[in-house]
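J.: Before we start, here is the structure in question, set down as C-alpha cells.
Set out below in C-alpha cells:
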C-alpha cells in the first residue's frame, strides 16, 4: 500500500502539470528523419490554447555553412524556442529560414530571426505584403499569451525556384500553388526527403482557407513526379514512402469537391453539408470533421454560384 | 455539428407549464430577459430541445455562419424566428410559414461569442426555444461586405439562384440572392438589406413569408421546405429597404434518387 507521503507527492506532481503548461514555453523535440535532417512535429489538431498553435511540422536541416529551417511556427516564443532547439541538434547557427506559404502557424515565428535570412518566393512575399499581418487578431484571440511579442515579420530575402547549395547541401526549391496562392516545396538531395509544406497532409485532414482545388491537384501531380524517397507533410506524421501522403491528400480533395458539388445539386444547406458522412477510408485522418466544416464555409458559396440556376427575369 | 440538447428541458417545461412566469435561460445569456420581452411579448416561452438548432462547431467565418432550425418533430408550428442574442441586430429572420414544414436554414453574421437560437410559435401563441453558444471573432456585423470592398455589388444586385426539389420529406426550396445586406454599422454605408421574401405556389397558395434583417449574411442563402408538387411553379417575390423588388420563378423538380432516399 502506498504511504501517505508518496500519494501526496504524486498529487503535487499532478497539480504542477497545469502550472507548467501555463508558463507558455514550447517544448520542441527535433526527431531525426535522415542524415542531418530533423522534424519537429506539430500537434495534429486545430490551433488552440492547449497546443500554443504549434500544429505545423517544422523541418531542420544541417549544413556545413549553418542550419536551414523550413517554416518557423506560430509565434515569437515558438521561433525563439525553435532557434535554440535547432542549433542544439546541429551545433551551428540558423542561417536560413524558408517560408512555405502564408499561413500563420508556419510563419509567425519569423520575428525570432534576422529578416535577412528569412526567405520567400516573389509570389509569397507579394502576398504577405497584403495578407501577412491580417492573421494577427485571430491568432491573439485563439492563443492569448502564447503570442506575446509576436508581430508579423516580412521575409527579407527573395528566392526564385531552382537549386540552392548551402554548405555542401543541395536543396531544390519548387514553387507551386493550390493550398494557397503561393506554396513552396523543398527537396533535399542528400536524403531524398521532400519537405512539402501544406501541399501535402498526412493522416490529418487538409485545410482549405485559401485553396484552389484545381491548381492544388496539379501541384500534387508535380510533387509526385519528383524523384524523392519520403515526404515531410505540412501536418501529420512523416510519410516514409514517396507518394502515400500525396495520394491521400488528393483522395481527400477529390472526395471533398465531389461531395460538396453533390450536396449543392441536392439543395442541401451548409449545415447539412458539414454533417455529411465521411467515408471510412478517412477514419485515420485527424481533424476530419473540423476541416470538412471549415471547407464547407470556404467552398460552398462558390459552388452554389456555379451550380444553382438563375431564377430571376434578368438571367442570361 | 452541434446537436443541442438541453438536459433540463423536461423539468423546465413542467415548471413553466404550471404558470406563465419567465423561465431561467439554460444558456444564461446576459440579454435574455430584455430580448425575450421584445421578441415574444407576453406570450408563454418554453425551452424545448425538439427545436433542433444546428450549426458548425466553429465559426470559420463570422461574416457568414450557417444555422439550421428543424422543428419538424413539432406539430402546428406557424412561425420561426432565427436570432443571435448578442448581435447588435439580434433577429435575423422572422418566418411565417403556411403550407410548409417547420424548417429554416440561413447564414447569419456574428459580432462576438453569442447564443444562436431558433424559436417556433404554435397556434396558441406560445413559443418553444432552443439554441447554443458559438464562439466567434468580432466584427461580423461591422465589417464591410466583400462586394462593397470589391465594388461590384451593384452589378449583381437582384441576381437570384435557386432550386426546388420534391422528395420524401416535401419540396426543399434553396434560394440564393446577391445582396450586400449592409448593417449600417460601417462608416458611410447606410443600412440596406432585403427585408421581405414571400413564396407563392400554384393557385396563389402561400408557402411562407420571411421578414429579413441585416444580420443575415451578405448574399443571403435560405432553405425552406414547402408542400409543393412536382412540376408546380413557385413565385419568389421580395423587396429590399430601398424599395427594389425581386422576382424569381422556380419549377419544382423531382429530387434525385439519392436525396429522396434520405
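Residue numbers (the working numbering), protein chains in the order written: chain A, 3 to 318; chain B, 27 to 288.
We put the CB at the ideal spot given by N, CA and C, even for glycine.
Predicted, not measured: the structure shown is a model, and the values here were computed from it.
#1: How close, in whole Å, do the beta carbons of residue 106 of chain B and residue 195 of chain B come, if the pair is a contact with beta carbons under 8 Å?
#2: Can you tell me whether residue 85 of chain B is buried or exposed, with buried defined as 16 or more other CB within 10 angstroms of its CB?
#3: Would you kindly work out how many angstroms separate the C-alpha atoms of residue 199 of chain A and residue 276 of chain B, rounded to a whole number?
#4: Per the DSSP calculation, residue 72 of chain B is bridged to which residue(s)?
#5: Taking only beta-carbon atoms, is residue 250 of chain B less than 8 Å away from chain A?
#6: Can you list, in chain order, the residues of its chain with a C-beta nearer than 8 Å to that of residue 149 of chain B? Leave out the 5 residues immediately preceding and following it.
#7: Quick check on residue 270 of chain A: does DSSP put it in helix, strand or coil?
#8: From the DSSP output, in three-state form, read off residue 176 of chain B for me.
#9: Just how far apart, CA to CA, sit residue 11 of chain A and residue 149 of chain A?
#10: Compute the distance between the beta-carbons of residue 125 of chain B and residue 218 of chain B, then report whether it is under 8 Å.
#11: Does any CB atom of chain B fall closer than 8 Å to the CB of residue 110 of chain A?
#12: Roughly how many angstroms lie between the CA atoms of residue 183 of chain B and residue 207 of chain B, to the nearest whole one?
#13: Taking the beta strand (DSSP E) that residue 162 of chain A belongs to, which residues open and close that run?
#14: Just the Cα atoms here: how many angstroms apart are residue 110 of chain B and residue 205 of chain B?
#15: Tell me whether residue 39 of chain A is buried or exposed, calling it buried when 16 or more other Cβ atoms sit within 10 Å of its Cβ.
#16: So what's residue 104 of chain B in DSSP terms, helix, strand or just coil?
#17: If contact means a Cβ-Cβ distance below 9 Å, which residues of the stretch 266 to 278 of chain A contact chain B?
#18: Could you run through the stretch 140 to 170 of chain B and flag, in chain order, every residue whose CB is less than 7 Å away from some CB of chain A?
#19: For residue 309 of chain A, I'd like the list of residues in its chain whose CB is within less than 7 Å of its CB, leaving aside the five on either flank, ordered along the chain.
#20: Are the stretch 30 to 47 of chain A and the stretch 79 to 93 of chain A touching, with three or more C-beta to C-beta distances below 8 Å?
#21: Identify whether residue 266 of chain B lies in helix, strand or coil by the three-state DSSP scheme.
#22: With three or more C-beta pairs closer than 8 Å as the rule, is the stretch 191 to 206 of chain A touching the stretch 283 to 291 of chain A?
#23: Could you round the C-beta distance between residue 96 of chain A and residue 75 of chain A to whole angstroms and report it? I think they count as a contact, below 8 Å.
#24: What does the alpha-carbon distance come out to for the pair residue 250 of chain A and residue 283 of chain A?
#25: If you measure between the beta carbons of residue 187 of chain B and residue 202 of chain B, is that distance less than 8 Å?
#26: What's the call for residue 65 of chain A, buried or exposed, on a 16-neighbour Cβ count within 10 Å?
#27: Strictly under 8 Å for the Cβ-Cβ distance: is residue 206 of chain B near chain A by that measure?
#28: Along the alpha helix (DSSP H) that carries residue 70 of chain A, what are the first and last residues, could you check?
#29: With DSSP run on the structure shown, which of helix, strand or coil describes residue 141 of chain A?
#30: Which residues in chain A sit within 7 Å of residue 87 of chain B, going by Cβ to Cβ distance?
#31: For the structure I just gave you, are there three or more beta carbon pairs, one from the stretch 99 to 109 of chain A and one from the stretch 118 to 137 of chain A, closer than 8 Å?
#32: Report the three-state DSSP secondary structure of residue 129 of chain B (helix, strand or coil).
#33: For residue 197 of chain A, report the span of its beta strand (DSSP E) as first-last.
#34: Contact criterion: CB-CB distance below 8 Å. Does residue 236 of chain B meet it with respect to chain A?
#35: The alpha helix (DSSP H) that contains residue 66 of chain B, what's its start and end?
#36: If you measure from the CB of residue 204 of chain A, is any heavy atom of the ligand FMN nearer than 7 Å?
T.: Reading from the atomic positions:
#1: In this structure residue 106 of chain B is not in contact with residue 195 of chain B, their Cβ atoms being roughly 17 Å apart against a cut-off of 8 Å.
#2: The residue in question, residue 85 of chain B, is buried, as its Cβ has 16 or more Cβ neighbours within 10 Å.
#3: Roughly 46 Å between the two C-alpha positions.
#4: In DSSP, residue 72 of chain B forms a bridge with B:154.
#5: Not closer than 8 Å to any Cβ of chain A, the Cβ of residue 250 of chain B fails to qualify, so no.
#6: Closer than 8 Å at Cβ, skipping near neighbours: 102 and 104.
#7: Judged by DSSP in its simplified three-state form, residue 270 of chain A adopts coil rather than helix or strand.
#8: DSSP places residue 176 of chain B in helix when its eight states are reduced to three.
#9: Reliability of the predicted coordinates at residue 11 of chain A is poor, the pLDDT of 45 falling under 50, and the value obtained from them is presented with this limitation in mind. Taking the straight line joining both Cα atoms gives about 33 Å.
#10: Result no, Cβ atoms of residue 125 of chain B and residue 218 of chain B do not sit closer than 8 Å.
#11: Using a Cβ-Cβ cut-off of 8 Å, residue 110 of chain A does not count as an interface residue toward chain B, since no Cβ of chain B sits closer than that to its own.
#12: Distance from the CA of residue 183 of chain B to the CA of residue 207 of chain B, rounded to the nearest whole angstrom, comes to 11 Å.
#13: Judged by DSSP secondary structure, residue 162 of chain A falls outside any beta strand (DSSP E); it is assigned neither H nor E.
#14: Straight through space, the alpha carbons of residue 205 of chain B and residue 110 of chain B are spaced by roughly 21 Å.
#15: Classification of residue 39 of chain A: buried, given that the 10 Å Cβ count is 16 or more.
#16: The answer is strand: DSSP assigns residue 104 of chain B an E or B state.
#17: Listed by position along the chain: 266, 267, 268, 269, 270, 271, 272, 273, 274, 275, 276 and 277.
#18: Cβ proximity to chain A below 7 Å picks out 163 from the stretch 140 to 170 of chain B.
#19: These residues qualify, in order along the chain: 263, 266 and 267.
#20: Contact between the stretch 30 to 47 of chain A and the stretch 79 to 93 of chain A is present, because at least three Cβ pairs lie under 8 Å.
#21: Looking at residue 266 of chain B - three-state DSSP - the assignment turns out to be strand.
#22: Three or more beta-carbon pairs drawn from the stretch 283 to 291 of chain A and the stretch 191 to 206 of chain A are found closer than 8 Å, and the two stretches are therefore classed as touching.
#23: In fact, because the Cβ distance is near 13 Å, the residues do not count as touching under 8 Å.
#24: It is roughly 10 Å from the alpha-carbon of residue 250 of chain A to the alpha-carbon of residue 283 of chain A.
#25: Residue 202 of chain B sits close to residue 187 of chain B, with the two beta carbons spaced by under 8 Å.
#26: By the 10 Å Cβ count, residue 65 of chain A comes out buried.
#27: So no, residue 206 of chain B is outside the interface.
#28: Careful: residue 70 of chain A lies outside any alpha helix (DSSP H), inside the beta strand (DSSP E) at 68 to 72.
#29: Under the three-state reduction of DSSP, residue 141 of chain A is assigned to helix.
#30: Scanning chain A for C-beta atoms nearer than 7 Å to the C-beta of residue 87 of chain B yields 299, reported in chain order.
#31: Yes, the stretch 99 to 109 of chain A touches the stretch 118 to 137 of chain A.
#32: Strand.
#33: DSSP places residue 197 of chain A inside the beta strand (DSSP E), whose first and last residues are 195 to 197.
#34: At a cut-off of 8 Å between C-beta atoms, residue 236 of chain B does not count as an interface residue with respect to chain A.
#35: Note, residue 66 of chain B: alpha helix (DSSP H), 58 to 66.
#36: The ligand FMN is absent from the structure shown, which contains no ligand whatsoever.
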